[in-house]
Structures are given as C-alpha cells and as structure tokens.
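The structure appears below as structure tokens.
Protein chains: 2
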Amino acid sequence: MQFHHHGYVSHDPRVLPAEGLGIDRPADLPDEMDVLIVGSGPAGMLLAAQMSQYPHVNTRIIEKRDGRLVLGQADGIQPRSVETFQAFGFAERIIAEAYNIGWMNFWGPDPENPQNIVRTARTADYGYDICEFPHLIVNQARVLDYFAEAAADGPGRIVPDYGIEFLGLTVREGDEYPVEVRVRHVVAEREGEERTIRAKYVVGCDGARSRVREAIGRKHVGGVSAHAWGVMDVLVNTDFPDWRTKCAINAEAGNILHIPREGGYLSRMYIDLGAVAEDDDRRVRQTPIEEIIRKANEILHPYSIDVKDVAWHSVYEVGHRVTDGFDDVIDGSGRTPRVFLTGDACHTHSAKAGQGMNVSMQDGFNLGWKLGSVLTGRSPESLLATYGAERRPVAQQLIDFDREWSTLMARKPEEISDPNELATFYLGTAEFPSGFMTQYTSSMITGTDVHQALAAGFPLGKRFKSAEVVRVCDGNVVHLGHHARADGRWRVYAFGDRTGAALDAWAAQAAPLFARHTPSDADADAIFDVKAIYQQPFEELEVTSAPELFTPKSGPLQLTDWEKVYAAGPSKWTEIDIFEARELSRDGVVIVVRPDQYVSAILPLDAVDELAAYLEGMLLPA
Amino acid sequence: MQFHHHGYVSHDPRVLPAEGLGIDRPADLPDEMDVLIVGSGPAGMLLAAQMSQYPHVNTRIIEKRDGRLVLGQADGIQPRSVETFQAFGFAERIIAEAYNIGWMNFWGPDPENPQNIVRTARTADYGYDICEFPHLIVNQARVLDYFAEAAADGPGRIVPDYGIEFLGLTVREGDEYPVEVRVRHVVAEREGEERTIRAKYVVGCDGARSRVREAIGRKHVGGVSAHAWGVMDVLVNTDFPDWRTKCAINAEAGNILHIPREGGYLSRMYIDLGAVAEDDDRRVRQTPIEEIIRKANEILHPYSIDVKDVAWHSVYEVGHRVTDGFDDVIDGSGRTPRVFLTGDACHTHSAKAGQGMNVSMQDGFNLGWKLGSVLTGRSPESLLATYGAERRPVAQQLIDFDREWSTLMARKPEEISDPNELATFYLGTAEFPSGFMTQYTSSMITGTDVHQALAAGFPLGKRFKSAEVVRVCDGNVVHLGHHARADGRWRVYAFGDRTGAALDAWAAQAAPLFARHTPSDADADAIFDVKAIYQQPFEELEVTSAPELFTPKSGPLQLTDWEKVYAAGPSKWTEIDIFEARELSRDGVVIVVRPDQYVSAILPLDAVDELAAYLEGMLLPA
C-alpha cells in the first residue's frame, strides 16, 4: 500500500484523497451525468468502485432498495474474485471472515445398505492448488459492503442513490447526454416522484428480470429445466460429520449439494426436489420449508439435521439463459454502444457451481476501465464495443459448464457408473470455475500471440498470473501482481535480459512512447505503471541506478517511487524465480497488462516500434 | 472468525452484539465506575478494547486531547504485538498497510575513503524467522485507531471520553468505589468544569510525565545520558540506495538509525547529535530542523537527502527510567492494589530498539483480563497483585537491553573493533526485542515446571507459540493459537495420546472441573475454551465422535461448536506435525494458556487432580 506521497497521511490510508466530483459530491441525483449504473449488485457495485477511480467522470448508481442489501443469496467466491478483491484493496479482510473451502467430499449410497449414505471420496479443493488465492464462501451482502466502501473511499466518493427505480430509457444519438432515462423515487417523502435524467452511458446491472435489458429490446434466450431444487441457509445441530465440509451427496432419495458458510455454524443446502411435472405451473415453488427439511433428512439418512434457524430459503427450477447481445448496438450498425448489460441481466444459470456473482463482477471489471478510458479521453469510443465482444463468449462458456455440472449433480445413483466421476470432473475442470479460463482473443486491446514463446507462463488474453519477486529497495518478497490496484492504469512488466543492459536500453526508448499517451500535467505513471524485473539477485542491484522510467517522481512533492524495481528470486523468503516459474525468456520480455489484469501484449525488448503501434491502436495521444 | 451462533449476522462480523453496559452506554462520564483508564495511548487503548469484552464491567477511558491522535511518535511493531493484534482481530489489516522490515543493513566508513560511508553488512530481520508474524513499522495513531475500533465494536461499546484531564486521586479503602478522582473538562463548552468521580480501579496510562504516578507517590528512577539525538519523519528525494531499508549507519561524522515507514515514501531517521555538555541545560533540545538535516547529510556523505517535507521532528537525550512500583501498594502492606501504572508511566527508554509501544501494550494485555476476572467474580482480588510482580521485571529487562543497544548505536567508528558486531548483537538478541523473551515465574497463575518435559516447545510462563494444525470439521489448515481471541477466556489445549483414548478419558474427568468455575447460566465454554488436538490424521477422525467438552453447545440456539477439534499434520497444506514442532509427548499433554496468551500450566493427561488444584488456586467457584 503506497501513500504519503501527496503529504503525510494520518488516517486510514484506504481512504484516498477526494478529487474532482468527489470533493463536493451532490447528495441528490443530478439531471445529467456521464455514467448511470442501474442496480447495486456485484457487477454494479464493482463498477461503482471502479468508476470512483475516475473522479472527473460523473458516475451515479441507482438502486430500488432503500439501503444496503441485508440478505444476499450468492455466496461462492472463486479465486479470481479474491484476486479482484486484492486489486480493490480488501482481499485480506474478506478472507479473514469467509469460509475457506479446503476440501470437497462426496457421499453415495452404502453398497451394503443403500438407503444409508457413506463418504465415498475426499477431494482437495482447488483454490490454493491453482494460485495464491483461496476459494471462499461469504455472503454477497458483505462483498457489496466492501465494494461500497471502496466506492465511497475512492477519489470519486461514489455512494449509491438508494430508493430510485429504473422505469425505461430512450437513446437519442447526437445529444451530448444521449440516453434519456425515466426513474421514480420509491421511498420516503419522495415516493412516487418521477424524473427524467440523461446520461452518456447506462449500465444495466439490474438482475435476471432486467428492465434495462427490456428497454433496449435484448432477449434473454434459453429455458428452464423441469427439475426443482430447494435451497436453504440453516443453523442446525446434526450428527452428519461433514456439516462443515463442502460435499455432494448422491443418495437413493435424491441429491444434496452442501456448502458450509462463513462464521463456523451456518451451512447452505441445495436439496433435490426431483423432476417437475409439465403441468406443475410453478406450484413446486410453493414447497414449504418443512418439506425441504424433510427431504434433506431423507437424503442424509442415517444422519439427520435438527434445524434451529432458517436464515433464508427458496425453491427454484434450474434455468439457463444468455442474452442475445450485451449492449444496445444491433450487430453491424457500427455506432457506439450507449447501454450495456452485466451480470444476471445477461446470463442466468444454476447456483450450484458458485459462479454467478463471480462472472458478474468480471463483467463489471471488464467494462469499468473502458468507460473510464473513453470518458477521460484516453481511448476512442470504439473501445466500448470490445465489452460485449469479450464478455458474451464468457457467458456462453459459463452456461455450457453449468449445464453440464448441474446435470451431473442431479443424477440418480443408478445413472452413475464410476463413483469418482463427479470428483474427477470437479477437479479436472477446476481452472474454469476458479475464473482463470477466460481468454480474450485478438482485438484492438489484445495483441497477437507471435511472441508468446517469450513468456509461456503469461498466456496472451488470460489474466496476469502473479508470482513472487524481490523488491529491490527493501529486499521484501512480494507478489508482483499484487502491487497493481484497480485504479484504471495499465501495467507494463519489463523483464530484464541477462545483464540488464537491454532492459535499460528499452526503458530509454519506451519512455517517450508512454509519455505520448500521458497528459503532461499528470504524474509520469498516471496511465502506465511500468515496472522492471531484473534477473540478478536483489543484492547486486541498487534501485537508485535504475532508469527513470522505473523510478518516476510523482505527486505534488515530486517524490521518487521506490516500488517499481524488482529482482527475480530465489531469495531468503522465496524459492521462486519468476523467470522459471513463468517460463520467461532470459533475453527479457515486456508484458502489457490491462487495467482489469488481462495480458494484452507480449513483446521482445527490441520491439519498441511494435509497442508503439500497439499503444496507438487503442489509446489516443494525450 | 466465528459468528451466526446467536442468529444470522448480515453486517460486519467484527462488530459484536452489544451486551450489558454496551447496550445503552451513557455518553457522559458517570460519577461512579468500575475501571477508569487515564490516557488513550497504546496501553490505555488496548485496555479499553480488552475491557469491552467484559460488558458488565463499567469501564471508561479519559483522554485530555480533544479527539483521535493524529501524529504518533512510536512506530515499531514487534512480532509479539502483531500476534496480539491477531487476538484483537485486526492483524491482517494492519499488516496490509504497514512497512514490513525484511532486512537490516549496516553502513560504516569506507576504509579507503573514510569520510564516505559504504554498506558493510546485510542482515535478514528477525520477524518471519522467529514466528509467523512480521516485524512492522506503522504509525502509532493507526494502532490506536484499530484498538479504538475493537473497543467500540466489542460488546461493551467503549469509546474514549475525550477532552477530560486527570487532576489527582485519593484512595479511600473500604468504600465500594474507593478511588476518588478529580478531573477537569478541557474542551468546548464544558472547558474548565471540574468533577469528582469514583472508581473501583484506576489505571494510569498517561505517559512519561504521568500524573497518576505522581498522585500515588511512585518514583520514576533513573536518569538521562549526556547524549542527544535528533529524530525526524521526512519525505525526501535521495541517492542513498537504502532509503527503504532499515539501517544502522556508523560514520566518522556520527550515527544514524534509519527506519523506513509505511506507505512507501516516508522514513524516520534518528540522527546522532553527539555528547551534550554538562552545562547545556536542555539547550540541545532547541536544535533547529535545518541543523538536524545538515547533520544527516554529513553522516550520509557521499549520499545526500533533499528533504521535501518534514512530517514530525524532535530532539531528545536518551533517558532510562523504571518506576519503583507498578501499583499503589507499598510492598508488604498486602492490601489490594487500586491504582496501576502502565507503559511510559512506569518505564521510559530510548526509541531506538522500537520497544516502547510494544511493551506498553503488553502491560495493558497483562492487566486487562485480571481486572475483568476480579470484577466479574471469577478470581480473587489477590490476582491483581500479580500485575506489578510480572511486569516490573519485564520493564527492567527492557531498560537493560535498551541501554546496551543504544550505547552500541552511539559509538564512534574507532570504538568498533569488529564491523559485524552490531549485526551480530542485533540478530543474536532478536527474540528479546521481538517480545518473546518475557517469561512469567511461578505464582498463583503460573504453575510449576515439573511437567515441562512433556511439552518442551511450550515453555512455562512464555507466550503460547502457535503452530499449524488441521481442523477436523473441514480439513482446513489453521494456526492453533489464532483461534484464540482476546476475549478474556482461558485456553486449554489438550493434546492426545497415541490412540486418543486417554484424551477422551481426560475430557470426561476434566469437564466437571471447568464447569465448577463456569456460571451455570453462561455458555459451557464461557470461561475455558478447551480444544482437542489428536495425533491421528484428520481423515481418520470424525468431529461428531469427539467428547462433548470439545463440541459444546452455545448461544441462544445451543448450537454445536465445530471448531475445537483438531488433528496434527502433516496434511495437504502443511508440513508441520505440531507434536514434533513443539516437542510434545506422544502420551499427550494439557497446556493451559492465560487470556493474555501465556502458558500457565503444563499437565499430563492423568493429572486431573493437579489440574483441579491449579484452577482452584486462582479461580473462584462460579
């Protein structure tokens, strides 16, 4: 965490100095704004936190509810989400209060007594096997709290406008604020008051029944299976020994997906209510909680649960839907998108792979910096078309994965030939639900993979997978990727050649390229945070000898930044040599990483012209 | 972090349900109270956070200042303090914002050009070599913020009464509230208003010039050396390559102790201003900041600093003083202490070993649970005499250590025969400044060491040194000691025998002993948090088969606690077998740990009578 460079900070350094519109933010929703976010779920709140880093962009977020979400339904936090939380500054806090999924156990019928269940397999869960971040369970409401804090404490000081409902919108291309939005106050003394407001861009984060989606005429394509599940968050006493372990239970009486939750007592159970008759007409949704509990006990036999408190419950039929487009541009028109859809507004599916909140947040992370870049004049408007182009395939992959997983989960014992099949599938596909299989293809922001061989461990288009390095200024072992915050900046990781001479030469040539896209009145690293990673042990390096590109001066005092020069390990506190761990060329390589952490260009140290062309293809001169 | 057992929690689980006086805490300082804390420095604020865990004890904390501390002078956070923060629930947050000391470098005169300094040694700092906690630098103001949060969010909802000055006190033994205290409001509309209030106990946490100390007639014994130092927190640009590394610089022109601070830019420098003439009469304290900076540059030659901002500076002569007693009982009187001294009020020394704040906090940690135990009727008043008996020797050791260290730091180059001597001393003594050498001797709360051989790695009287174990209920690898929170409870770690049979037998016999000291209307584990650690791999254990002592039911719903049953590793995510790591007998052993984390009894599994006698010696029947 870096601070004090704008002068001495006594208070919580997570509260950044207010800037721009954050200095005197109007309490009331204005008539005109740059970005209007509709809905304060995971995608909307992440987006608010992200836009708070662009304090000169006027962003507002409206929410029909009259305040903070109290009881969230989503709870699965995949490692990629924790990685994202790290960038937003609250990973360590949410980890401390979440349930960490260490294992997933599998239960099936006892062969000798098939109406009883027995544990058939223990499978180590994937979090820490795949990356440095865990796989967690924590109430969505807490995730939203942390994003709300990041939004409120960011320079833009963004807080949701609660109690305001979205009614509809019209896009009037050509106006400065082309999206005309009708809203209604729904709480307190302003209840019933309707207003028309105008925005440059509107983002629909308003869930599966999105009115924004409806307003732009997008269709939610797919259907609902004829299979119902009950779900409940319950506090119980039980003799079931895996109450605190995630498990899949496949009994003759049906299936349970069992997920322990944060706090040490609560667990969530997804309970198979079986096939739904064609003429059921949603009657299954009226299944009383007592019946769900009875069914759970039937499946758990010979174990049982004594339910002391039901925190939440519901009944649903599994649906799988993807919206036919993620923005308001009918393919081929070529105009700039003005309205975007994120999260459940454009993809809905079963809850059982713990994906919904996670993929939604990545929608928001993908879109936020693009809006910020365009609205601050860093990038052309065409950048905004990449949002739907990148995220719609991810949604489709998600639906396909979830359909397979939820089908496997709903089988009867006699349909299962190999009792380890579910465990094998779970582990074999772990990188997908972890959130790390997303790979963006070539576009104005993702370069070509011709130089991929220089950095095999940083696949182009996938998220930058951090590794430990040694910070030269103080010898501390740190995760290279964790220095990056979700502040809208590009990261450039310049890995050195054997002597470091080519790296230093690159710095001299590349510096003017970065400067070309950086406003002259901004800090030198305001757009590009460029870091050097030398091959030499840190003891052989002095940070004061590094090129100025890696030791820029910033802030009102123009203080040197000491935290951009690194050395590869191993060192006293790490075994890792990042060049080995990420299969990097010993001749050096430059990795350009997007503000949302995806690898977007891989270049040799001598390809400065190529770097210039890449930057010019997506960024405007400052 | 455990919650939900009193019902579903939606908000930040760090905010505990209000209880007792916390439910409707009066804003104004009352006329009578159980505990009055004078001063809101590290000892006082820790004490407030601790007393908030005793919500039926009326604790108030007065502070002359009109609000939060803005600029703290202490900044060194030793590993024992981070361990303490863990118990108070904010370690991960303060670690995220602090500077981690990875290395200490040493600089001396260049043999070939003695007016220049050169780096002579790099020494890995001790934090992570000694325990799982780092050695940090962070502003005292932030430490106080976190303790203030813990105090306000604890069940007692304690917040400081700012703007109230302590004037004096009189002890009237025999009264229900025997300490009569005179205070004065010093801010806002009540400025000048004097009041007399009464308390059962008063704790002087009011610093080196303690008025509480003066009021009870205790003497601060010791003196001031004739050697002056300048100290400054500065933001600079510099060519000195170790600006971000802790270092000791021993130049011909004098000495600097250089300490980088949190945030990546700020550093603190202690600059040797040389011997002070006998007739100086404190004139050295008027040394202007320009002179201190000039001196720093002289010492740093050939490097230099260009100071951009001075956040704080001061000049002082090193003093070493210990108070002749830590409470108001003149030795031999035998009466219950009514007034206590903590922190700088009873020990002052140089700042350079980074000890002051740390030892002060341990004073508070030692005293808090004792006050709580006596005031809730768990322990006899005689417990309070152990505070001074335990903490005064620690203060004396601190003074002795600091005198040696600060003398070594102030030497001239020609006085140094071995250039590695300072580095050798620093590392060789690391366990002392880390805070882990404190060892309480036999008393009513510390048993005898006759069974020490059963647990060589848990020395009696030293703090319980945690190690990784596997939680049986979910297979997660956790630090055994980190489950313990600073909630005033005793921890009993019962390590199993080879089969676990003797451990289960112990549980049956020991349960009534713990119950004897536990109120019948309180949770079964309200006083003793008893945990089992089996030798078997966790896969061979079921938590539902463990004795009820290890799976008690608690809270209004009487829910089973799943987090008291552990297995020794190794396991998938740890190499550690706690029995090997802490040299524990394979026949099992019981370790009793005080609320402030010190090992207070070591007993074989078959010594139940001895356990009973130990408990009866310090606790009253409930």
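Note that the protein sequences, when read in sequence, are chains A and B. Every number in the numbering used here is 1 more than the matching position in the first sequence, counting from 1. Every number in the numbering used here is 1 more than the matching position in the second sequence, counting from 1. Beta carbons: idealized from backbone N, C-alpha and C, even for Gly.
In the pairwise beta carbon analysis, the stretch 493-507 of chain A is classified as touching the stretch 586-593 of chain A: at least three pairs are separated by under 8 Å. Contact check for B/Phe539 against A/Gly265 fails: the beta carbons are separated by 9 Å or more. A/Arg191 carries a helical assignment under DSSP once its states are collapsed to helix, strand and coil. Spanning the alpha carbons of B/Ala386 and B/Pro596 requires a straight line of approximately 17 Å. The stretch 398-432 of chain A contains no complete beta strand (DSSP E) run of 3 or more residues. Interface criterion met: the Cβ of B/Pro242 is under 9 Å from a Cβ in chain A. Separation of the CB atoms of A/Val479 and A/Ala533 is rounded to 14 Å, and the pair is thereby denied contact status at 8 Å. Around B/Asp67, the same chain offers Tyr163, Gly164, Val187, Val188, Ala189 as residues with beta carbons nearer than 8 Å, after the five sequence neighbours per side are excluded.
Glu540, Glu543, Val544, Thr545: these are the residues of the stretch 515-546 of chain A whose beta carbon lies less than 7 Å from some beta carbon of chain B, given in chain order. Counting of Cβ neighbours within 10 angstroms places A/Ser211 among the buried residues, the total reaching 16 or more. Under the DSSP assignment, A/Glu584 falls outside any alpha helix (DSSP H); it carries neither an H nor an E label. Residue range 92-98 is occupied by the alpha helix (DSSP H) that includes B/Ala92. A contact is defined here as three or more CB-CB pairs under 8 Å, and the stretch 428-444 of chain B meets this definition with respect to the stretch 398-407 of chain B.
Under the three-state reduction of DSSP, B/Trp507 is assigned to helix. Looking at B/Ser374, B/Leu236, B/Arg199, the one whose alpha-carbon comes closest to that of A/Asp562 is B/Leu236.
DSSP lists A/Asn106, A/His259 as the beta-bridge partner residues of A/Cys248. As DSSP reads the structure, B/Val493 sits in a beta bridge with B/Val531, B/Val593. Excluding its 5 nearest sequence neighbours in each direction, B/Cys474 has C-beta neighbours in its own chain below 8 Å: Val544, Trp563, Glu564, Val566, listed in chain order.
Inclusion of B/Phe465 and B/Gln536 in the CB contact set at 9 Å is not warranted, their separation being larger than that value. The continuous alpha helix (DSSP H) containing A/Gln141 extends over residues 141-154. Within its own chain, the residues whose Cβ lies closer than 7 Å to the Cβ of A/Pro571, once the five positions on either side in sequence are excluded, are Ile577, Asp578, listed in chain order. In chain order, Ala125 make up the part of chain A whose C-beta sits under 7 Å from the C-beta of B/Lys573. Within the stretch 407-439 of chain B, not one residue has a Cβ closer than 7 Å to any Cβ of chain A. In this structure, A/Leu30 is the residue among A/Gly42, A/Gln510, A/Ser467, A/Leu30 with its C-alpha nearest to the C-alpha of A/Thr197. Scanning its chain for C-beta atoms nearer than 8 Å, with the 5 sequence neighbours on each side dropped, one finds around B/Asp607 the residues Ala503, Trp507, in chain order.
For A/Gly333, the closest C-alpha among the options A/Ala390, A/Leu342, A/Ala209, A/His350 is that of A/Ala390. One finds Glu98, Gly264 in chain B with Cβ atoms closer than 7 Å to the Cβ of A/Pro14, taken in chain order. Neighbours of A/Phe4 in chain B, taken as residues whose beta carbon is under 7 Å from its own, are Gly264 in chain order. Under the Cβ criterion of 9 Å, B/Gln559 is counted among the residues facing chain A.
In the DSSP assignment, B/Asp162 is bridged to B/Ile63. A straight line joining the alpha-carbon of B/Val36 with that of B/Met46 spans about 13 Å. In summary, the residues of the stretch 49-82 of chain A whose CB is separated from some CB of chain B by less than 7 Å are Val71, Leu72, in the order they occur in the chain.
For B/Ser41, there are no C-beta contacts with chain A under 9 Å, since the nearest C-beta of that chain is about 15 Å from it. In this structure, DSSP gives B/Leu30 a state outside helix and strand, which the three-state scheme calls coil. Looking at the DSSP output, A/Trp313 shares a beta bridge with A/Asp234. Shown here, B/Glu318 sits in a strand according to DSSP, grouped into three states.
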